[in-house]
Structure formats: structure tokens, C-alpha cells
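FYI, the numbering for the sequence shown is -18 to -1, 1 to 476, going by mature numbering (1 follows the signal peptide of the UniProt record, and there is no 0). Structure record follows, encoded as C-alpha cells.
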Amino acid sequence: MTRLHDILLSIFVVRALGLPTPQIGDYGENSGPVGGVDPPTPTVTSISGSLRGDSSLLGGNAPLPNPDDHPASVQDPQLVNGQEADAKLGLYLDFNSANPPQPIRGDNGATDPGPRTFDYEKLNPDLYAPPGTDSGSLPSLMWPMGLSHNRPGSQKGAGWARQQNTDVLPIAKAMAGVDMRLAPNAYRELHWHTAGEWALMLKGCVRVAAINDEGQSFVDDVCEGDVWFFPPGDPHSIQAFDEGAEFLLVFDDGNFNEDGTFLVSELFLRNPIEVLSKDLHADVSAFDNLPTGQLYIFNGTPAPKNISAQNITSSAGALTGNASFTYHWSQQAPHTVPGGSVKILDPLTFPVAPMFSAALVTVQPGAMRELHWHTTSPEWAFFLQGSGRLTAFSAPASSRTFDFTAGGVGYIPTAFSHYVENTGDEDLVFLEVLQAPKFSDISVAQWLALTPKQVVKDHLHLPDDVIDNLPLEKPIIRTGNRNLTALAGGGKAF
Ligand SMILES: *[C@@H]1O[C@H](CO)[C@@H](O)[C@H](O)[C@H]1NC(C)=O
Ligand SMILES: *[C@@H]1O[C@H](CO)[C@@H](O)[C@H](O)[C@H]1NC(C)=O
Ligand SMILES: *[C@@H]1O[C@H](CO)[C@@H](O)[C@H](O)[C@H]1NC(C)=O
Ligand SMILES: *[C@@H]1O[C@H](CO)[C@@H](O)[C@H](O)[C@H]1NC(C)=O
């Protein structure tokens, strides 16, 4: 309402001054959610004007404009706490109170009078007003699931799935992710695929069932916080219980496409019925009621609560112990440290997934997952709660800072250093997934602590007391505060 008022007022002012009517600017920018703005009533009822101008407008032919008639200034730009501090300090800028925010940091940048993607800038202050230490060029390392196309199931209300793969995040070659919803009792259709599938339950419970090439079978029930893994090619089913479910799938192939899996419905639709009759020793009429298309995500008959009723084994037996396809990670107590906690699940305890190494990290407000890198694997990250930022440093001299909120995917190439700082007021919870036989990282603080002091001092010129206090043990998380007032003039961030 206020916005419309501003637009009408500016048109009125421009007309009253006898200036040319602006053609860009009135509606070219978005100062807030579009849905809340009443569009002006259309006043044009007949066609007039030409589609193109003529050669009188070519430079040299056209009259010179008067630059004084074309202001490109921003009245009363609003800066937020920390925005005027030294750009290299790189304080987190909370743009929520700035309407609109300005891409200024310390001496860097200038106001923005032009069209803008307002809400994206508020969500991504470190892209819009980067820390002065950001340098060079890096491809995007982030993809919010909120920008993914959401594919509905084949039946009303049955569920949906949205994915991140190299189509949307080209750098993420080693892993892809899918966020899937199943309504109460709905199925993800029986299927298989060429990638290995690692999954974290986000909400609710499901029953999973699968077999392997030896004819060993597996069935289990998993709930929020639990994990499953299905090896490449092993066919499986997933069915939600009465309360429905949502889960996160991580595949060991960045090109994975959730729309390209081998479905049991298509298997039966794409083979001659004569062959099906021979294969299953069934009368041809047995195939009269096959589904006519893909089921994908569809409503099902409630699973019996007693899992024994759905446990079928051959002479090869069941997949148990270290061959189990599930891990009840929700029941693993976290390792707590000052500033947060971490749980690790890797092949040392879940050997069926030989290359999936994961950490579930909780970082308290103001605290930070320490500066580190992974030695042999890229990291696929998913943000489950809160907001945070990270800077990825790539040799020789590039770095870029990205902001994340719950629902965001991050991807850090192998050996790129990074930290994850909680930028919000609630606990930040995120998942790190590696393609590695063991979860591993190099801690910058521990590396320096285990390097001869003289060597560190000769390189970095750090004060002795800092070098003396470096942690011999890997801290994983570092405590901190977010008081920008305290930091703007120097001081401590912890
Ligand atoms: C589940 O079913 C099995 C096999 O039918 C039966 O032996 C078992 O007692 C049942 N368990 C419960 C808790 O009802
Ligand atoms: C299924 O049955 C097998 C024995 O045939 C057993 O080893 C396995 O634990 C059972 N699974 C469940 C989930 O009860
Ligand atoms: C799983 O494998 C590890 C390492 O070989 C072994 O110590 C452990 O006993 C195994 N666990 C089961 C349940 O077989
Ligand atoms: C932040 O730090 C400043 C300067 O040290 C101090 O005056 C202020 O009280 C602090 N604010 C909070 C919320 O702690």
C-alpha cells in the first residue's frame, strides 16, 4: 500500500516538474513481497505507438540528455549495525531491519538505486556486501531447495519431491540431494538406480525394505534422525506410517536425477506380456490391471505395525549386523563441546555405506564450526535449522562467503577451507556428508598448535600468547558472541 503510494507520488512529482516520464524504475524494482502490492488499474484500452524507434535516436543524431534531469541517488540510505566497520573485519550484516539494504561494507561499495531482488539480498548479505577478504571468482556453492522445482506424486495428496543436482549446482559433481515428502501411508514406488542412496529421516517414520544380489533381504522401521543406505542397483521400497514422513536423500553422483530411476511400474509396462507371463508363471490375464503409468509417489494400504508380517527371507537369510541397511542414528548420544555438539556416522560403524561419512553438527548462537577442510572428499552440506554462513577459500587466492538458512544445500570442493558460523538467534543444525571411508578433517587451529611455535611465528607474526593458547586437541566448534558493537572498534569475537 505504501509502495503504491510512493509510485503514484513519484509519477506525480515527475509529471508536475515536466520531466520525461520514466520508463524504467517505476515498476522495475521490487522493494518487498510482490503479493502485498496492489497493481495500478490498467488505463490503456486501445493500441497506439510503434514497436521501434527510428534513426533519429542513434547516438550523434539524438539531442544530448541533461544529466541533471536523471538523478541516480538513494535518499537516506539505511546502514545496519557493523556495516561501517572495516570491510576486512567482515562482520555478519543483519539486513532484516534495512529497507532496502545497501551493498556497502566499510569503504567498499556504494548505494543501489536500481532494480533489485530485495528478499534475496536480505537473505544473502555476504554476497550483496561481501567481506573485504572475499577475493577473485568462485562458482556458486549454494542451492536453496526453495528454488527447486517440486514434483508432486501421481495421486492427490500423496507427497512430493524436490532435488538439487548438477542441473542447478554444476560444481556439485560428487553428490546430489532430494527432499521427499510422503503423506500418511504413501509409498515411494519400488525402484532401483545406479547411484548409492544414503538417507536421513527429517520427520515421521517409514518402513524400508530391500534385497541385495545374493537374495538376502532387509526390512526395518526408521524415524526422525535415523539413516538408511541402499547400495547401487539394489531395489527398495519406502512407505510412510500413519503420520506421514519427510526425508533427505543423498546420492553419490552429482548427476543423479530423481525423475530417472528404474520404476517397477515401468518395468512391467516396458516388457512383452508374453515375457511377463513366462517370467512369473502367471496367466496372461494376471497382467490386466497393471498400472497404466508411473506410480512414483502414491497412496498405500497401511503397513502392519508388526514388522514380522513383512519380513520374508530366502535361504540366504536376512541382512543383519554390519550388513544392515539402516542405522538408528537418532539414538546415538552426541559428542558435546563448548559451543555445540556433533555426531559422526561413517563406515567405521555403518559399513554397508562404504563411502558415506557424515557429521550432524549443532552450533549454538554466536559459535562456529571451526575453520577446517576435508582431505580427500568434497562436502555436501544440508542446513536443517537456523542460519549460518561460510567462506570457502580456494587456492591460489580466491574466497567467497555464502549465507545459508534451513533448507539450503552447500557444496565445498575437496581441500577448500571453510568454517560455518551461526548467524542467527537459534541453534544452527546442519549435516556434512563426505564421500570417504572415514569422516576426517584438518583443523586449522590444531595444525598450527602442532607446528613448531617458531615456524608459526615466523610465518604469521602472531603474538606469543595466541600461539601458546592454540588447542592441541581438535576443537570442532568454537564459542563466540555476536556483539557487533563490541567488535566494530576491534576486540574479541569470542
Ligand atoms: C508379530 O508377528 C509374529 C509373527 O506372526 C508373532 O510371532 C509375534 O508375536 C508378533 N508380535 C507382536 C508384538 O504382536
Ligand atoms: C527378519 O527375519 C530374520 C530371520 O529370518 C531376522 O534375522 C531379522 O532380524 C528379521 N527382521 C526383523 C526386522 O524382524
Ligand atoms: C561389525 O564389524 C566390526 C569390525 O569388523 C566388528 O568389530 C563388530 O563386531 C561387527 N558387528 C557386528 C554386529 O557384527
Ligand atoms: C556489546 O558490547 C558493547 C561494547 O563492549 C557493550 O557496551 C554492550 O553492552 C554489548 N551489548 C550486549 C548486548 O552485550
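The beta carbon of each residue, even a glycine, is placed where N, CA and C say it ideally should be.
Touch test, the region 366 to 379 against the region 419 to 428, Cβ-Cβ under 8 Å, three pairs minimum: no
C-alpha gap between Pro107 and Val209, whole angstroms: Working through the sequence shown from its first residue, we reach residue 107 at position 125. Working through the sequence shown from its first residue, we reach residue 209 at position 227. Roughly 34 Å between the two C-alpha positions.
Endpoints, the beta strand (DSSP E) within which Ser199 is located: As a first step, residue 199 must be located in the sequence shown, where it is residue number 217. Run containing Ser199: Ser199 to Cys205, per the beta strand (DSSP E) assignment.
Classification of Ser38 by the beta-carbon crowding that lies within 10 angstroms, buried from 16 upward: To locate residue 38, count along the sequence shown from 1; it is residue 56. Under this definition Ser38 is an exposed residue.
C-alpha gap between Ala156 and Gln60, whole angstroms: Numbered from 1 along the sequence shown, position 174 holds the residue referred to as residue 156. Numbered from 1 along the sequence shown, position 78 holds the residue referred to as residue 60. Their Cα atoms are separated by approximately 42 Å.
Status (buried if at least 16 other CB within 10 Å, exposed otherwise) for Ser130: In the sequence shown, the residue the question calls residue 130 occupies position 148. Burial call: buried.
Exposure of His443, with buried meaning 16 or more beta-carbon neighbours within 10 Å: Along the sequence shown, read from residue 1 onward, the residue named residue 443 stands at position 461. By the neighbour-count rule (16 or more Cβ atoms within 10 Å), His443 is not buried but exposed.
For Pro217, the nearest candidate out of Asn147, Ser117, Phe307 and Ile29 (CA to CA): Sequence index remark: in the sequence shown, residue 217 carries index 235 (1-based). Comparing Cα-Cα distances from Pro217 to each of Asn147, Ser117, Phe307 and Ile29, the minimum goes to Phe307.
Other residues of its chain near Thr93: CB distance less than 6 Å, five sequence neighbours each side excluded: Position 111 of the sequence shown, counted from the start, is the residue given in the question as residue 93. Val56, Pro59 and Gln84, listed in sequence order.
Identity of the residue in Leu230, Pro213 and Leu172 nearest Ala363 by Cα: Residue numbering aside, residue 363 sits at position 381 when the sequence shown is read from its first letter. Checked all of Leu230, Pro213 and Leu172; the closest Cα to Ala363 is Leu230.
Enclosing alpha helix (DSSP H) for Tyr110 [first to last residue]: Here the question's residue 110 lines up with position 128 in the sequence shown. It spans Pro107 to Tyr110 - the alpha helix (DSSP H) in which Tyr110 sits, taken as one unbroken run.
Local Cβ density within 10 Å of Arg460, reported as buried at 16 or more and exposed below that: Position 478 of the sequence shown, counting from 1, holds the residue named residue 460. Arg460 should be labelled buried.
Inter-stretch contact at 8 Å, needing at least 3 Cβ pairs: the region 276 to 294 / the region 177 to 186: no
Reduced DSSP category for Thr467 - H, G, I as helix; E, B as strand; rest coil: To locate residue 467, count along the sequence shown from 1; it is residue 485. Helix at Thr467.
Thr302 Cβ short of 7 Å to ligand 2 heavy atom set: The residue given as residue 302 occupies position 320 in the sequence shown. Yes, the beta carbon of Thr302 sits closer than 7 Å to at least one heavy atom of ligand 2.
Ala291 beta carbon near ligand 1 (any heavy atom closer than 7 Å): Within the sequence shown, numbered from 1, the residue matching residue 291 stands at position 309. Yes; taking the cut-off as 7 Å, the Cβ of Ala291 has a heavy atom of ligand 1 nearer than that.
Ile220, buried or exposed, once every other Cβ within 10 Å from all chains shown has been counted against 16: Taking the first residue of the sequence shown as 1, we reach residue 220 at position 238. Its Cβ being crowded by 16 or more others within 10 Å, Ile220 is buried.
Presumed contact (8 Å Cβ cut-off) between Asp116 and Thr383, rounded CB distance: Along the sequence shown, one-based indexing puts residue 116 at 134. Along the sequence shown, one-based indexing puts residue 383 at 401. The pair is a contact, with the Cβ atoms about 6 Å apart (cut-off 8 Å).
Span of the alpha helix (DSSP H), counted from its first residue to its last, around Asp440: For the purposes of this step, residue 440 is taken as the residue at position 458 of the sequence shown. Where Asp440 is concerned, the enclosing alpha helix (DSSP H) stretches over Lys435 to Leu442.
Simplified DSSP state of Ala388, which is helix, strand or coil: One-based indexing of the sequence shown puts residue 388 at position 406. Coil.
DSSP state of Gln145 mapped onto helix, strand, coil: As a position in the sequence shown, residue 145 is number 163, starting the count at 1. Here Gln145 sits in strand by DSSP.
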